Amino acid sequence: MFMLLKNKKIRFGLIIFLLFETLTNLLAGPKNIGIVSNAFATKKKYSPPKKAKISRKSDLAFPVIVKEDKSDEGSEQNSVKNLRKEIERVVNAGALRNSQYGIKIKSLKTGDVFYEKNPDLSLLPASTVKLITSAAALAYLKPEYTFKTIVYYDGTMKGGKISGNIYLKGFGDPSLVPEELWVIANDLFLKGVREVSGNIIADDSFFDAKRMGDGWEEYPKESLYTALVGALSLGYNTVRIVASSSSQNGVHPAVAVDPPTDYIDVENRMSLRRSGEKASLAVRRVNDDYDENEKIILQGRVSNHGQIETYKKIENPPVYTATVFKDFLDRRGISVKGKVMEGLVTGNARILSIHNSKSLSNVVRDMNKFSNNFIAEQILKTLGAEIKGAPGTKEKGIEVEEEFLGKIGIEKGSYSLGDGAGLSKKNKITSSQMVRLLEYMYNNFELWPEYVSSLPTFGIDGSLKKRLNGFFSERRTRAKTGTLNGVTCLSGYVVTADNEPLAFSFFANRCSDPWAVKSVQNSIILTLNKFSRNGISLEETKN
1 MFMLLKNKKI
11 RFGLIIFLLF
21 ETLTNLLAGP
31 KNIGIVSNAF
41 ATKKKYSPPK
51 KAKISRKSDL
61 AFPVIVKEDK
71 SDEGSEQNSV
81 KNLRKEIERV
91 VNAGALRNSQ
101 YGIKIKSLKT
111 GDVFYEKNPD
121 LSLLPASTVK
131 LITSAAALAY
141 LKPEYTFKTI
151 VYYDGTMKGG
161 KISGNIYLKG
171 FGDPSLVPEE
181 LWVIANDLFL
191 KGVREVSGNI
201 IADDSFFDAK
211 RMGDGWEEYP
221 KESLYTALVG
231 ALSLGYNTVR
241 IVASSSSQNG
251 VHPAVAVDPP
261 TDYIDVENRM
271 SLRRSGEKAS
281 LAVRRVNDDY
291 DENEKIILQG
301 RVSNHGQIET
311 YKKIENPPVY
321 TATVFKDFLD
331 RRGISVKGKV
341 MEGLVTGNAR
351 ILSIHNSKSL
361 SNVVRDMNKF
371 SNNFIAEQIL
381 KTLGAEIKGA
391 PGTKEKGIEV
401 EEEFLGKIGI
411 EKGSYSLGDG
421 AGLSKKNKIT
431 SSQMVRLLEY
441 MYNNFELWPE
451 YVSSLPTFGI
461 DGSLKKRLNG
471 FFSERRTRAK
481 TGTLNGVTCL
491 SGYVVTADNE
501 PLAFSFFANR
511 CSDPWAVKSV
521 QNSIILTLNK
531 FSRNGISLEE
541 TKN
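1 is the number of the first residue of the sequence shown in the numbering used here; add one for each residue after it.
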């Protein structure tokens, strides 16, 4: 070593190396300062980080577990075995006692069945049947499909005047809202139309005349979750009624209908609330003939400087939609001399305007996120009309769904379907069959992105917004809920701690305590989210 140092070139190189090493250490700062810029390190005096209490949401927000090489097949089997024991403990805790239930959990990566209990028991799926409706719709109609609403006219059009009738024909759009109907009215104005000598004909013939799904009649008549369906529909076939204290005569509160329309004839019997009285609003139907309009009586009280509102189902969707259209035409400056009536587009009629809805993928998202029964039934009948021919019926739509399920390996006759929404008591399916559907959609890249993004996300949105928000499962579980009297279901997708995707289905019927059943579901979801094949515990993921 001494002989080497006598060499001038070696000594000079060593000195340069030592100077460079010293300068590098000075610029880098203390070794335990972390990854910071050199400039920041030279200006800031280092102090050890303080230990802070981490919230349940922060310490579990983004778990990433890398599988260690030392893990072997035996340790994985032990981990899965322990997982099954934990789920079995939750299932047997008592909440499911005396109920009928089926559970299946399957890995979409390996095909392993993590857990199953009564997987082949046919049960009411409630609104999880919308998973079938949306899957068949995306498969047959495709995610980019749009629903049309078309305006036709007969006779002649000259100088801004149509000498004849105009026709408003619906093709099942479940997302048509008053703002879009105004766009259609404005389009006619921009095309030069100023007067219509004849009538507005509402054409609802793309669907059959049945307004409700199978068995919907047994639910309360005024319930909004059984809104009537129709090929020509508007605003989910409901109308908003608002009563406010801004009275003009000082006796009756002001009443507004949204959208404003002559179809709703309101008799206002409301009064201003006195001290100690509760605010209330009740709607009473008067007439049973809805060919032209609906008359309702409003009763109740409104507090001073306040307002109260409610929604009401529409009894004649096509006439209501066409009447609102006529009102919009009038407001836009197009005079219609005739009246609104139901009928069919004549053979000599020509197209005046075509309105396309948002894409089916967005409509399916609205349906699943908020479990909208109206949208589901509209989609079911549209499937029937498009694939089997108009008019669309529930029977045709179910026939299309049965064909779809047959193609993915679910045999016809091993289940039953009654509607597209999940309200029908005829719907019966097994948790194993539901997992098969979920597995098929996961492996179909053409449909998978739109399908999974339509599902409510635990702790974030839709019907799962308040489920486990702030917990480990937030954003890591997407599923469809299903709830009826005595029925609590949940089916969808979940990822484990090391990001292994799973499909699961949990059906519970004849439940005496639905909240307790939901707690069981939540516990199982959390257990799956925490699970890792290499046995790393939840506590280890925090550090």
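All C-beta atoms, glycine included, are put in the ideal place defined by N, C-alpha and C. Owing to the predicted nature of the structure, the values given are computational and were not obtained by experimental measurement.
Secondary structure of residue 391 (DSSP, three-state): coil.
Nearest C-alpha to residue 81 among 510, 385, 443 and 112: 112. In this structure, the straight-line span from the alpha carbon of residue 242 to that of residue 256 is close to 5 Å. Residue 93 carries a coil assignment under DSSP once its states are collapsed to helix, strand and coil.
In the DSSP secondary-structure assignment, residue 502 is bridged to 107 and 494. The C-beta distance from residue 415 to residue 122 rounds to 7 Å, short enough to fall under 8 Å. Here residue 345 has 152, 167, 169 and 203 as same chain residues with Cβ atoms under 6 Å from its own Cβ, once five neighbours each way along the sequence are excluded. A distance of 8 Å or more separates the beta carbons of residue 108 and residue 456.
Annotation for residue 345: no alpha helix (DSSP H) segment contains it, and DSSP assigns it neither H nor E. In the DSSP assignment, residue 258 falls within the beta strand (DSSP E) that extends over 254–258. Residue 506 is a Cβ neighbour of residue 521, given a cutoff of 8 Å.
Counting the other Cβ atoms within 10 Å of the Cβ of residue 327 gives 16 or more, which makes it buried. Boundaries of the beta strand (DSSP E) harbouring residue 114: 113–117, taken from the DSSP string. The C-alpha of residue 139 lies about 45 Å from the C-alpha of residue 337. The alpha-carbon separation between residue 448 and residue 378 amounts to approximately 22 Å. DSSP, read as helix, strand or coil, puts residue 324 in helix. Residue range 514–530 is occupied by the alpha helix (DSSP H) that includes residue 525, with no beta strand (DSSP E) assigned at that position.
Annotated three-state conformation of residue 145 is coil, per DSSP. In the DSSP assignment, the residues bridged to residue 340 are 200.
Assignment of beta-bridge partners to residue 169 by DSSP yields 150 and 203. Each residue's CA atom was taken as its position, placing residue 352 and residue 209 some 26 Å apart. Sixteen is the threshold: since fewer than 16 other Cβ atoms of the shown chains lie within 10 Å of the Cβ of residue 98, the residue is exposed.
The DSSP-derived three-state label of residue 157 is strand.
Assigned with DSSP and collapsed to three states, residue 331 falls in helix. Residue 216 counts as buried, since at least 16 other C-beta atoms from the protein chains shown sit within 10 angstroms of its C-beta. The C-beta distance from residue 426 to residue 214 rounds to 6 Å, short enough to fall under 8 Å. Checking the DSSP bridge columns, you'll see residue 416 partnered with 428. Spanning the alpha carbons of residue 141 and residue 147 requires a straight line of approximately 10 Å. The three-state secondary structure of residue 222, taken from DSSP, is coil. Around the beta-carbon of residue 282, fewer than 16 other beta-carbon atoms lie within 10 Å, marking it exposed. Less than 8 Å separates the beta-carbon of residue 266 from that of residue 296. Residue 382 and residue 314 do not touch by the CB rule: their CB atoms are close to 19 Å apart, not below 8 Å. One alpha carbon belongs to residue 195, the other to residue 165, and they sit about 11 Å apart.
By the Cβ test, the segment 525–532 is in contact with the segment 464–480, since at least three Cβ pairs between them sit closer than 8 Å. The beta carbons of residue 428 and residue 124 sit about 7 Å from each other, so the pair counts as a contact at 8 Å. Contact check for residue 240 against residue 272 fails: the beta carbons are separated by 8 Å or more.
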